[in-house]
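So the sequence lines, in the order shown, correspond to chains A and B.
Be aware that the first sequence starts at 201, since it is given in my numbering, and climbs by one per residue.
Be aware that the second sequence starts at 14, since it is given in my numbering, and climbs by one per residue.
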Amino acid sequence: MLVVDKLSISLGSFSIKNVSFQIPNGKYGVLMGRSGSGKTTILESICGLRKIDSGSLFIDGNDVTKLRPADRHIGFVPQDGVLFSTMKIFDQITFGCILRGYTKNDAKIRALQLSKDLGIEHLLDRNPYGLSGGEIQRVALARALASKPRLVCMDEPLSSLDEDSRESVCKLIKHLHSKEKLTVLHITHSHVEAELMGDIKFKLSDGKVIPIT
Amino acid sequence: MKKNKVPSDIPFYSFIWCFGIMYFALILALLYADASYTSFSEIKNALNDESIRASVWLTFQTCWITAVLSIVFAVPTAYILTRYNFPFKRLFDSILDIPIVLPPLVIGLSLLILFNQIQIFDKTIESWFAVIFSSINKVLPENWPLKFPNGITYKVPAIIIAQFTVSCAFAVRTMRNTFESIDSRQEDVALTMGCNRSRAFWTVVIPQAKFGIMTAGILSWARALGEFGPILVFAGATRGKTEVLSTTVFLEISIGNLEGAVAVSFLMISAAVLVLVIVRFLGSTNSQW
């Protein structure tokens, strides 16, 4: 379960104050908001990539507010995928597993299973150079999920995709969400995407998060 | 409605091509002038001269040490400049450019004063190094091939320090451009996957920066090869002791041996052209990514 409690962040003249929301275990939460409203800032703060002014963050009852990103065990899918440009796809997916203490064999089994689920088995020996937007997002998703994180944070994972890729990636994310019982925080500016994907929906407006029923 | 005729593009193309070709021709003319003034036998004679051979060898050694040192210092410095914000960052950045803009002789003079006039605990830096070097020499075995000199100024370490002071500034610029071209979000992803800062740096950033590191190293090497002013002031130009190729050219001219000076210059030009070709090749390989 993700609990965000009175989170305040300031970035120069821009600030977010006392933001609170919760996503229960196994639920798919979507945070909506206009471009520039601070969605990515909140997501990066939850991942530990941005300093917060005040507030608390709990994952599965543990206070992670002061933990380093590595110690929070969150799977992060940034906008545009952001793959490691010098690593082969297989190494990108197993990288997190190895870091989390998997044996090489277990990491390989996990990578093969995820790549089968996501339809990227044919890419495993390739470098990321030349992959399509949809392929990049699927690899980024596999990389984030490989070490079975406690929470998956996705920053507009569908925004850069064409219609066909968006539909297939949407289905894959939903399929993996139910198969792996993931707790997800997905941020987007699209109402349609939120309606399609979210079990729980929130809207970020004027620095405040409002639940949408 | 009156239709205005769009002026011709010929004056624009003439202007840009004219100036571009003129500068290119100047460089080619310089190379031609050197090539026409020397011959293969002159170069062979120069290479047969024992002091010039020693100079080539010392140049080769010092340039490589300088290139390695420049990378060791430039990589962390450039990384700090591209990834972190801190007070007076712009001032820090500008200070790092000082060796590029200062006249070479001033750098040599500054090094001379720093090592021989500035005192730390009642001793000059030169004296401290003499003490440190002699202590290291005492520890080294009797038949150890490499012994440290008893100081810095007017000795081989002065050549390396003089070359390094200027070359490192160029390496920092190159590495800064390299790190700026690497998306910092890749490090963010690595951090969330379980890396600490160090591991993210070595496994995600450095493999992507390898062409930049090689380019920075080669440029530092080339810059060190051409360094003259600071070496002359800080290391001197003693035949067979602190003589590198740039000082050889100076010494040959000073004794009236213009043919010898041009032959050595031609060797330096060949090395510089080779380095530039390698840098361009690495640059084109890198741009694929």
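Glycine included, each C-beta is placed from N, C-alpha and C at the ideal position.
Bear in mind the structure is a predicted one, so any value in this text is a computation, not a measurement.
- Per DSSP, reduced to three states, the secondary structure at L341(A) is helical.
- Under the 10 Å beta carbon count, E63(B) is surrounded by fewer than 16 other beta carbons and is classified as exposed.
- For the stretch 291–311 of chain A, the set of residues with a beta-carbon nearer than 8 Å to any beta-carbon of chain B comprises F295, G296, L299, R300, in chain order.
- The beta carbon of I282(B) sits closer than 7 Å to the beta carbons of L44, D47 from its chain, once the five residues preceding and following it are set aside; these are given in chain order.
- Look at R252(B): its C-beta is not under 8 Å from any C-beta on chain A.
- Its chain contains F146, I149, N150 as the residues whose beta carbon lies nearer than 6 Å to that of F161(B), once the 5 sequence neighbours on both sides are disregarded; these appear in chain order.
- For Q221(B), the enclosing alpha helix (DSSP H) begins and ends at 219–239.
- Per DSSP, M354(A) is not a residue of any alpha helix (DSSP H); the beta strand (DSSP E) it occupies stretches across 351–355.
- Taking a C-beta distance under 8 Å as the contact criterion, S360(A) and G333(A) qualify as a contact pair.
- In its chain, beyond the 5 residues on either side, G226 have a beta carbon closer than 7 Å to the beta carbon of K381(A).
- In the structure shown, F128(B) adopts helical secondary structure according to DSSP, grouped into three states.
- When DSSP assignments are scanned along the stretch 230–294 of chain A, the uninterrupted stretches of alpha helix (DSSP H) that are 4 or more residues long and fall wholly within it turn out to be 239–247, 269–272.
- Contact note: F276(A) reaches chain B through D201, V202, L204, T205, M206, using a C-beta cutoff of 9 Å and chain order.
- Remark: C-beta atoms of T178(B) and P100(B) do not approach each other more closely than 8 Å.
- In chain order, R250 place their CB closer than 6 Å to the CB of E244(A), counting only its own chain and leaving out the 5 sequence neighbours on each side.
- Contact annotation, G164(B) with V246(B): C-beta distance approximately 16 Å; criterion of less than 8 Å not satisfied.
- Pairing R234(A) with H389(A) gives a Cβ-Cβ distance under 8 Å.
- Contact annotation, S208(A) with I274(A): C-beta distance approximately 20 Å; criterion of less than 8 Å not satisfied.
- Shown here for T187(B): same chain residues with a beta carbon closer than 7 Å to its own, the five before and five after excluded, namely G225, T228, A229, L232 in chain order.
- P158(B) sits in coil when the DSSP states are folded into three classes, being neither helix nor strand.
- Chain B has no Cβ within less than 8 Å of the Cβ of P357(A).
- C370(A) sits away from I246(A), with the two beta carbons spaced by 8 Å or more.
- Neighbours of T286(A) in chain B, taken as residues at a C-beta separation under 9 Å, are given in chain order as V217, P220, Q221, K223, W302.
- At least one beta carbon of chain A lies nearer than 8 Å to the beta carbon of N209(B).
- Neighbours of R198(B) in chain A, taken as residues whose beta carbon is under 8 Å from its own, are P278, V282 in chain order.
- For E272(B), the closest alpha carbon among the candidates N98(B), S49(B), I133(B), F86(B) is that of S49(B).
- Residue burial is scored here from C-beta neighbours: P89(B) has fewer than 16 other C-beta atoms within 10 angstroms and is therefore classed as exposed.
- With respect to the C-alpha of N262(A), the residue from A342(A), K374(A), A340(A), M201(A) having the closest C-alpha is M201(A).
- DSSP places K316(A) within a helical segment (H, G or I) once states are collapsed to three.
- In terms of Cα proximity to I126(B), the closest of G207(B), F73(B), A171(B) is A171(B).
- Residues of the stretch 250–271 of chain A that bring their beta carbon within less than 9 Å of a beta carbon in chain B comprise R268, P269, A270, D271, in sequence order.
- One alpha carbon belongs to Q292(A), the other to A340(A), and they sit about 9 Å apart.
- Here I412(A) is exposed, its C-beta having fewer than 16 other C-beta atoms within 10 Å.
- Neighbours of C370(A) in chain B, taken as residues at a C-beta separation under 9 Å, are lacking, since the least C-beta distance is about 22 Å.
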